[in-house]
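What follows is a set of notes on a single structure, which appears directly below.
Numbering (the working numbering), first residue to last: 100 to 230.
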């Protein structure tokens, strides 16, 4: 019985937050290939709503530029709600100032698109070492 509890606790979960369907699909498949259970949403408000419904994730891949609620606003809101997940900001075009603003909103890390298996593994190792 203890073994099944251990297996359950080592299962990493992730939330992909991106308004671009192609990016959502790619990130979802990369996480699937790593054996990470994951859900996808299309904007920051949906990410906040998922957490309001009681769900929690070990990792949140947060796009910066999205409609309705962008990644900076969503990250700030999630941190205000007490969400302790590792949040990695993801964007394809950002100035140093934009990255700094994103980090200050409460990111744990920042990755440039396109995401690759090696970039994801680096982030996941941070979860493993913190857990």
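By construction, the Cβ of each residue, glycine as well, lies at the ideal position given by its N, Cα and C atoms.
- Taking 8 Å as the upper bound for CB-CB distance, residue 146 and residue 159 are in contact here, some 7 Å apart.
- Of the residues 143, 164 and 113, the one whose Cα lies closest to the Cα of residue 132 is 113.
- For the pair residue 156 and residue 190, the CB atoms are not nearer than the 9 Å cut-off.
- Within the same chain, Cβ atoms closer than 8 Å to the Cβ of residue 226 are found at 111, 157, 158 and 185, the five residues on either side in sequence being excluded.
- DSSP places residue 132 in the uninterrupted alpha helix (DSSP H) bounded by 120-132.
- The criterion of a C-beta distance shorter than 9 Å is satisfied by residue 182 and residue 150.
- Rounded to the nearest whole angstrom, the C-alpha separation of residue 220 and residue 115 is 15 Å.
- By DSSP's assignment, residue 161 forms a beta bridge with 116 and 188.
- Residue 148: member of the alpha helix (DSSP H) spanning 143-151, first to last residue.
- Beta-bridge partners of residue 210 (DSSP): 189.
- Judged by DSSP secondary structure, residue 137 falls within the beta strand (DSSP E) whose first and last residues are 136-140.
- Between residue 224 and residue 187, the alpha-carbon positions lie close to 13 Å from each other.
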